[in-house]
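J.: Just so we're aligned, residue 103 is where the first sequence starts under the numbering used here, counting upward by one. Note that the Cβ used here is the ideal one computed from N, Cα and C, for glycine as well. Structure provided below as structure tokens; questions to follow.
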Amino acid sequence: MPELPEVEGVVRSLRPIATGKTIQSVDVSETIITSKANGKEAIIKGADVDVFKEALPQMTIERIDRRSKYIYFHLVKDGIPHLLVSHLGMSGAWFYVRNLHEIEEEKFKRHSHVIFHLEEGDMLVYADIRRFGELRLLESEADHPPLLLMAPEPFDQDALDHYLAMSILPKYENKAIKEFIMDGHVVSGCGNIYATEALFRLRMHPARKVKRISKERKIQLFNEIVIVLLDSIENGGSTISDYRSINGEAGNMQNRLQMYGKKNCPICGRKTLQKTIGGRTSTYCGACQK
DNA sequence: AGCATCGACCGGCGGC
DNA sequence: TGCCGCCGGTCGATG
């Protein structure tokens, strides 16, 4: 599951090889063409396949950035800027290859859904096993309002104040802390893995109500989130289930996780507990986390 | 108006 | 072996 650190890894790998390249043509898989023809919003969001395919040729990739869990491809054509927004969903991955056979894992190769043909035969391939990801072509961020509602980047100077301000709003104060920190309007890029880890590091129970947490503890929790996100970026992200970096590279952070996916608490050895919080499976230690 | 819940998007895989 | 149903990030529609 790609969260902020995994997306950062993808962007850092992609940036040096794809920046400056111009898109020649776009191929879309039959699977996606059929889904879209049946009125489904499969991967390519907010535009028909034909419109998407015809718009992209001759656009040059000027810059690649990460914003929360999204990849922003800043494009330009005839001096006019465009923005291709990519979200990996549960199982999306990018590959930079000359031939689809270079995608070694069969399950990704089989689900190569959108292929951007670049110069000199290079291809930028978006593969997505479960098709929860998205590609959205915009003129700018402002054309898709949800993007404007995302919390600041967690490493930005205003992120802590934003999080604290949200924590005292009526709609959030009765929520479980884990659901709160996983809300992209509160903290950017913190999904199940890193929310689980940050709460464990602070020995905080994931179901604790936001309003039952002191300001000091809230600040400590925010700091732990930043620490685990940065630690994960340094370690190449967590390769769990269907996440891959560019060209199938694996990260190392999964070996550093203390609670996510664990059967026993690393502190006291007791069996960990699982509880659904905010609709997501949450792992924690009933003895160590209060 | 603002909030809560639900459905949509899916294939892999665990469990029976 | 084969099939059923769970899982999940995010948005938009519905209540």
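#1: Is N366 helix, strand or coil by DSSP?
#2: Inspect the beta-carbon positions of V289 and Y265 and report whether they are closer than 8 Å.
#3: On the DSSP letters alone, give me the boundaries of the alpha helix (DSSP H) that G293 sits inside.
#4: Distance check for L331 and C401, CA to CA, integer angstroms please.
#5: Output the boundary residues of the beta strand (DSSP E) element that contains G194.
#6: Would you call E206 buried or exposed, if buried means 16 or more other Cβ atoms sit within 10 Å of its Cβ?
#7: Between the C-alpha atoms of Q376 and Q356, what's the straight-line distance to the nearest angstrom?
#8: Would you kindly work out how many angstroms separate the C-alpha atoms of N201 and N354, rounded to a whole number?
#9: Could you give the distance in angstroms between the alpha-carbon of I295 and the alpha-carbon of G381?
#10: Candidates T298, M306, S170 and L249: which alpha carbon is nearest F257's?
#11: Excluding the five sequence neighbours on either side, which residues of its own chain have a C-beta within less than 6 Å of the C-beta of I135, listed in chain order?
#12: Among M284, I327, E243 and E318, which residue has its Cα nearest to the Cα of A394?
#13: For G111, tell me which candidate among E318, I163, K277 and R168 has the shortest Cα-Cα distance.
#14: Should V153 go down as buried or exposed, given a rule of 16 or more other Cβ atoms within 10 Å for buried?
#15: To the nearest angstrom, how far is the alpha carbon of H246 from that of K273?
#16: With T374 as the anchor, note down where its alpha helix (DSSP H) starts and where it stops.
#17: What's the call for G338, buried or exposed, on a 16-neighbour Cβ count within 10 Å?
#18: With N276 and K311 assumed to form a contact (beta carbons below 8 Å), what rounded beta-carbon distance in angstroms separates them?
#19: For a test of the three-state rule: what should DSSP assign to T341, helix, strand or coil?
#20: Taking Y174 as the reference, which of N366, I231, A120 and H203 has the closest Cα?
#21: Can you tell me whether DSSP reads P256 as helix, strand or coil?
#22: Are the Cβ atoms of I44 and E236 separated by less than 8 Å?
#23: In this structure, does DSSP put F154 in helix, strand or coil?
#24: Are the beta-carbon atoms of I279 and L301 separated by less than 8 Å?
#25: May I ask which residues mark the beginning and end of the alpha helix (DSSP H) holding L266?
#26: Could you tell me if L106 is buried or exposed, where buried requires 16 or more neighbouring beta carbons within 10 angstroms of its beta carbon?
#27: With a CB to CB cut of under 7 Å and the five nearest residues on each side skipped, what residues in its chain are close to N379?
T.: Concretely, from the data shown:
#1: In the structure shown, N366 sits in a strand (DSSP, three-state: E or B).
#2: yes
#3: Careful: G293 lies outside any alpha helix (DSSP H) and carries neither H nor E.
#4: The requested residue 401 is not part of the displayed model; the chain covers only 103 to 392.
#5: G194 to V199
#6: exposed
#7: 19 Å
#8: 27 Å
#9: 14 Å
#10: Closest option to F257, Cα to Cα, is S170.
#11: V151
#12: No statement about residue 394 is possible, as the shown extent of the chain runs from 103 to 392 and does not include it.
#13: Distances from the alpha-carbon of G111 to those of E318, I163, K277 and R168 put R168 closest.
#14: exposed
#15: 24 Å
#16: Where T374 is concerned, there is no enclosing alpha helix (DSSP H), given that its DSSP letter is neither H nor E.
#17: buried
#18: 6 Å
#19: coil
#20: A120
#21: coil
#22: With the chain covering only 103 through 392, there is no way to say anything about residue 44.
#23: If DSSP states are grouped into helix, strand and coil, F154 belongs with the helices.
#24: yes
#25: Per DSSP, L266 belongs to the alpha helix (DSSP H) from A261 to S269.
#26: buried
#27: Reading off the sequence shown, one finds Ile at residue 379, where the question assumed Asn. Closer than 7 Å at the Cβ level, and outside the excluded window around I379, lie A278, K280, E281, P308 and A309.
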